[in-house]
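Chemist: Here you go, one structure.
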Amino acid sequence: MKPACSYAATHAASLADPAAFWLAQAHHLQWDKLPTKALTQDKNGFYRWFADGELNTSFLCLDYHVQHGRSEQPALIYDSPVTNTLRTYTYAELLDLTARFAGGLRAIGVAQGDRVIIYMPNLPEAVVAMLACARIGAVHSVVFGGFAPHELALRIDDAEPRVIICASGGMEFDRVIPYKPLVDEAMAQATHQPAHVVVLQRDFVTANLQPGRDLDYQELLRAAPVAAVPLPGTHPLYILYTSGTTGRPKGVLRDHGGHAVALRFSMEAVYGLAPGETMFAGSDIGWAVGHSYIVYGPLIQGCTSVLFEGKPVRTPDAGTFWRLVAQHQVQVMFTAPTAIRAIKKEDPDGLLARQHDLSSLRQLFVAGERCDPATYTWAENVLQVPIVDHWWQTESGWPMLATLVGLEGMPPPRAGSAGFPVPGYDVQIVDEEGAPVPTGTTGLVVVKLPLPPGCFPTLWRDDARFKEGYLSTFPGYYFSGDGGYRDQDGYCYIMGRVDDVINVAGHRMSTGEMEEILAAHPAVAECAVLGIADALRGQVPVGLVVLKDGQAIGEEQIERELVSSVRTQIGALACFRAVVIVKRLPKTRSGKILRKTLRQLADGEAFGIPSTIDDPLILDEISTALQRRALGTAFETSV
Numbered sequence: 001m002k003p004a005c006s007y008a009a010t011h012a013a014s015l016a017d018p019a020a021f022w023l024a025q026a027h028h029l030q031w032d033k034l035p036t037k038a039l040t041q042d043k044n045g046f047y048r049w050f051a052d053g054e055l056n057t058s059f060l061c062l063d064y065h066v067q068h069g070r071s072e073q074p075a076l077i078y079d080s081p082v083t084n085t086l087r088t089y090t091y092a093e094l095l096d097l098t099a100r101f102a103g104g105l106r107a108i109g110v111a112q113g114d115r116v117i118i119y120m121p122n123l124p125e126a127v128v129a130m131l132a133c134a135r136i137g138a139v140h141s142v143v144f145g146g147f148a149p150h151e152l153a154l155r156i157d158d159a160e161p162r163v164i165i166c167a168s169g170g171m172e173f174d175r176v177i178p179y180k181p182l183v184d185e186a187m188a189q190a191t192h193q194p195a196h197v198v199v200l201q202r203d204f205v206t207a208n209l210q211p212g213r214d215l216d217y218q219e220l221l222r223a224a225p226v227a228a229v230p231l232p233g234t235h236p237l238y239i240l241y242t243s244g245t246t247g248r249p250k251g252v253l254r255d256h257g258g259h260a261v262a263l264r265f266s267m268e269a270v271y272g273l274a275p276g277e278t279m280f281a282g283s284d285i286g287w288a289v290g291h292s293y294i295v296y297g298p299l300i301q302g303c304t305s306v307l308f309e310g311k312p313v314r315t316p317d318a319g320t321f322w323r324l325v326a327q328h329q330v331q332v333m334f335t336a337p338t339a340i341r342a343i344k345k346e347d348p349d350g351l352l353a354r355q356h357d358l359s360s361l362r363q364l365f366v367a368g369e370r371c372d373p374a375t376y377t378w379a380e381n382v383l384q385v386p387i388v389d390h391w392w393q394t395e396s397g398w399p400m401l402a403t404l405v406g407l408e409g410m411p412p413p414r415a416g417s418a419g420f421p422v423p424g425y426d427v428q429i430v431d432e433e434g435a436p437v438p439t440g441t442t443g444l445v446v447v448k449l450p451l452p453p454g455c456f457p458t459l460w461r462d463d464a465r466f467k468e469g470y471l472s473t474f475p476g477y478y479f480s481g482d483g484g485y486r487d488q489d490g491y492c493y494i495m496g497r498v499d500d501v502i503n504v505a506g507h508r509m510s511t512g513e514m515e516e517i518l519a520a521h522p523a524v525a526e527c528a529v530l531g532i533a534d535a536l537r538g539q540v541p542v543g544l545v546v547l548k549d550g551q552a553i554g555e556e557q558i559e560r561e562l563v564s565s566v567r568t569q570i571g572a573l574a575c576f577r578a579v580v581i582v583k584r585l586p587k588t589r590s591g592k593i594l595r596k597t598l599r600q601l602a603d604g605e606a607f608g609i610p611s612t613i614d615d616p617l618i619l620d621e622i623s624t625a626l627q628r629r630a631l632g633t634a635f636e637t638s639v
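Using the UniProt record's numbering, read the sequence shown as starting at 1 and increasing by one per residue.
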């Protein structure tokens, strides 16, 4: 689509008068009751958007488009190489399923304001469940399918759902994971007991149903369809749990009104997608990206969304993402840098990408973690399209920094940078006292209040934790918990969580900068740098490195070259002397490397195995490798 207005003017207008700017954006949506006042404050002094307006997100995603000529357009393309399934749902078909399932939920007692936990992989039935909850004003909370029973139990007790909707199981590569036993165990641990468990039976695994409590998903679809209920703009749409420093999950709350306005704006301004075009977000509906850019964003905008059940590699190979782009004529793709690194590791020359016609693709957006320049450059060379790194969080729900391809006058993307503040966000870099830092100096990333629509207004049933965790560090600002800097051209760089900045003999060192250097080595597939406690210097950095397959040079030589590179480019004050080569790195299921856990492991601190970890056995492998280092069997040099 052709950009309609300039970035500079749009961003300036959004900060000069946020209420007027977003009220104008709200007019792009169909409201049951158009808001008259965009911005208010509640009894706690927290900002709320469109409190006197009424709409329904399910209506905006489905009914609106059916009523305006998109009835037969594909809304959702379900592509599942793990089950060898491909299905397309038009807007009319998705509306029919959603309206009937909403009727089924209402028939089993789900009312406006009730919570519903959805424990499923990337399935069309999960999307239907989300939209059906929104349709009747129920509040859904999607929990990543396969989460441990203890973690699911914590979420059951916190959200107190009336109903749990689950699949009988999921499949990863050739491994079947039954879900129902996990749900049963979680309910045995939980204090709160939902009235029903609704189970989607899948072909490859059958769940046992408990009479009276458990219901078949298909039975709910036999209900009469129901219409979307007009809801206040501030009515909760969903709760999405994210990790907390205390180990107790934080329930990020999202509302109907601000969320819809922000996502429609972002689809047009950030991603440059027009109605009728196709977006593929290589994520899971259990994460913020899946909520915003698999389900709600594309459907609100009238786009086609590709729902992928699988992994970027081994389903069946490292070319599966490129096959999706070519087969479904994807204009914009979105994934995490980790996925690109996994593809790069198995297909370092990008040969599989050349087997597909990728001419439909305009941009690849990456987020979820910092995209190191080596990965950025590799993707750019292979795909021959702009790579747009951008930054946002579960709490924001949509991008805070980006190169906005839907607005004119944007400087081009720059490797290592997350771009520029998105309209609505007054992003600043400050020191620990809250004072602005000089250009090029790493500081703490904060956003001046009010946060724009779409951001969480608070945490579920925990206003005190919301205020303490996000608003009290720098009064008048949202503290992101990330560190970063702005260069002389205005580009912003996010270097990772503040606890990933290490202090070496009084010098604040960015582990992200060291990771850039390691990742640039041609033998390195991916890496993580962590600070280990040191009696003399406070902390010293250690690099954990995963090598690309088929290396001709020895590990000791690679280690020596990596240490030399860091010390050459940063200097001896970095005290970078140790590289440990490992087979893999511990990550969350969304692809983020668990750096804090790695640091705790290396320092011998007590820690709980994170609920989000992809494979807990990786920690044993890392522990063994670090123990070898401590015993002097891993290479260490003082170049």
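Every residue gets a Cβ at the ideal spot worked out from N, C-alpha and C, and that includes glycine. Please read these numbers as outputs of a predicted model, since none were measured by experiment.
Between which two residues does the beta strand (DSSP E) holding Glu-49 run?
Modeler: Taking the first residue of the sequence shown as 1, we reach residue 49 at position 49. Looking at the sequence itself, residue 49 is Trp, so the reference to Glu does not match. Counting along the chain, the beta strand (DSSP E) containing Trp-49 begins and ends at 47 to 49.
Chemist: Hey, which unbroken runs of the alpha helix (DSSP H) at 4 residues or more fall wholly within the stretch 138 to 209?
Modeler: Correct list: 149 to 159, 180 to 189.
Chemist: Alpha carbon to alpha carbon, how far is Leu-358 from Thr-246? Give it in angstroms, no decimals.
Modeler: Working through the sequence shown from its first residue, we reach residue 246 at position 246. Working through the sequence shown from its first residue, we reach residue 358 at position 358. Confidence in Thr-246 is poor, its pLDDT being 49 and thus under 50, which makes the residue's placement unreliable; the coordinate value appears in the next sentence. Going from the Cα of Thr-246 to the Cα of Leu-358 covers about 45 Å.
Chemist: If you draw a straight line from the alpha carbon of Ile-294 to that of Ala-464, how long is it in whole angstroms?
Modeler: Here residue 294 refers to the residue found at position 294 of the sequence shown. Here residue 464 refers to the residue found at position 464 of the sequence shown. Going from the Cα of Ile-294 to the Cα of Ala-464 covers about 32 Å.
Chemist: Determine whether the beta carbon atoms of Gly-434 and Glu-268 lie at a separation below 9 Å.
Modeler: Residue mapping note: residue 434 aligns to position 434 of the sequence shown, counting from 1. Residue mapping note: residue 268 aligns to position 268 of the sequence shown, counting from 1. Going by C-beta atoms, Gly-434 is not nearer than 9 Å to Glu-268.
Chemist: Report the partner residues of Arg-497 according to the DSSP bridge assignment.
Modeler: Translated into positions along the sequence shown, residue 497 becomes position 497. Paired residue(s): Asp-482.
Chemist: Exposed or buried, Val-176, counting other C-beta atoms within 10 Å across all chains shown (16 or more means buried)?
Modeler: The count along the sequence shown starts at 1 and reaches residue 176 at position 176. Flag for Val-176 reads exposed.
Chemist: Ends of the beta strand (DSSP E) at Thr-335?
Modeler: Counting from one through the sequence shown, the residue named residue 335 turns up at place 335. Taken as a continuous stretch (DSSP letters only), the beta strand (DSSP E) holding Thr-335 covers 332 to 335.
Chemist: Measuring straight from C-alpha to C-alpha, what distance separates Asp-372 and Glu-516?
Modeler: Taking the sequence shown and counting its residues from 1, one reaches residue 372 at position 372. Taking the sequence shown and counting its residues from 1, one reaches residue 516 at position 516. Those two C-alpha atoms are separated by around 5 Å.
Chemist: Measuring straight from C-alpha to C-alpha, what distance separates Lys-548 and Glu-346?
Modeler: Looking up residue 548 in the sequence shown gives position 548. Looking up residue 346 in the sequence shown gives position 346. Straight-line Cα distance between these residues: approximately 8 Å.
Chemist: Shortest alpha-carbon distance to Asp-17 belongs to which of Arg-87, Leu-451, Tyr-491, Tyr-119?
Modeler: Here residue 17 corresponds to residue number 17 of the sequence shown, with the count starting at 1. Answer by Cα proximity: Leu-451.
Chemist: Answer with buried or exposed for Asp-255, where buried requires no fewer than 16 other C-beta atoms within 10 angstroms of its C-beta.
Modeler: What you label residue 255 is simply residue 255 of the sequence shown in a count that begins at 1. Its Cβ being crowded by 16 or more others within 10 Å, Asp-255 is buried.
Chemist: If I measure Cβ to Cβ from Ser-638 and keep anything under 7 Å in the same chain, skipping five residues before and after, which residues do I get?
Modeler: As a first step, residue 638 is located in the sequence shown; it is residue number 638 there, counting from the start. Bear in mind that a pLDDT of 26 at Ser-638, under 50, signals an unreliable position, so the number given afterwards is only what the model happens to contain. These residues qualify, in order along the chain: Arg-577.
Chemist: Would you say Tyr-376 and Gly-416 are within 9 Å of each other, going by their C-beta atoms?
Modeler: Locating residue 376 in the sequence shown gives position 376, counting from the first residue. Locating residue 416 in the sequence shown gives position 416, counting from the first residue. Contact: yes.
Chemist: In its own chain, which residues sit with a C-beta less than 8 Å from the C-beta of Asp-431, not counting the 5 before and 5 after it?
Modeler: Numbered from its first residue, the sequence shown carries residue 431 at position 431. Within the same chain, Asp-431 has close Cβ partners Val-437, Gly-443, Leu-444.
Chemist: Ala-111 to Arg-135, Cα distance in whole Å?
Modeler: Counting from 1 along the sequence shown, the entry for residue 111 is found at position 111. Counting from 1 along the sequence shown, the entry for residue 135 is found at position 135. Approximately 11 Å between the Cα atoms of the pair.
Chemist: If we call anything under 9 Å between Cβ atoms a contact, is Arg-584 one with Glu-621?
Modeler: Here residue 584 refers to the residue found at position 584 when the sequence shown is read from its first residue. Here residue 621 refers to the residue found at position 621 when the sequence shown is read from its first residue. Closer than 9 Å, so yes.
Chemist: Tell me whether Asn-56 sits in a helix, a strand or coil according to DSSP, three-state version.
Modeler: Stepping through the sequence shown from its first residue, residue 56 is reached at position 56. Asn-56 falls in the coil class under three-state DSSP.
Chemist: Tell me which residues share the same chain as Ala-281 and place their Cβ nearer than 6 Å to its Cβ, disregarding the 5 neighbours each side in the sequence.
Modeler: Along the sequence shown, read from residue 1 onward, the residue named residue 281 stands at position 281. For Ala-281, where only same-chain residues beyond five positions count, the Cβ hits under 6 Å are Val-289, Tyr-293, Ile-294, Phe-334.
Chemist: Check Ile-517 in the structure and name its three-state DSSP category.
Modeler: Residue numbering aside, residue 517 sits at position 517 when the sequence shown is read from its first letter. If DSSP states are grouped into helix, strand and coil, Ile-517 belongs with the helices.
Chemist: Give me the residue from Val-366, Ile-618, Glu-395, Val-139 with the minimum Cα distance to Gly-419.
Modeler: Residue 419 sits at position 419 when you count from the first residue of the sequence shown. Comparing Cα-Cα distances from Gly-419 to each of Val-366, Ile-618, Glu-395, Val-139, the minimum goes to Val-366.
Chemist: Could you check the C-alpha separation between Lys-448 and Arg-362 for me, to the nearest Å?
Modeler: For the purposes of this step, residue 448 is taken as the residue at position 448 of the sequence shown. For the purposes of this step, residue 362 is taken as the residue at position 362 of the sequence shown. So the alpha carbons of these two residues sit roughly 32 Å apart.
Chemist: Give, in chain order, every unbroken run of the alpha helix (DSSP H) that is at least 4 residues long and sits entirely within the stretch 272 to 326.
Modeler: Complete alpha helix (DSSP H) runs here, min 4: 297 to 301.
Chemist: Taking the alpha helix (DSSP H) that Leu-97 belongs to, which residues open and close that run?
Modeler: Position 97 of the sequence shown holds residue 97. Note, Leu-97: alpha helix (DSSP H), 91 to 107.
Chemist: Looking at the strands, I want to know which residues DSSP matches up with Thr-40.
Modeler: Locating residue 40 in the sequence shown gives position 40, counting from the first residue. Paired residues: Arg-48.
Chemist: Compare the C-beta of Pro-181 with all C-beta atoms of chain C and state if any pair is closer than 9 Å.
Modeler: Chain labels in this structure do not include chain C; a single protein chain is all it has.
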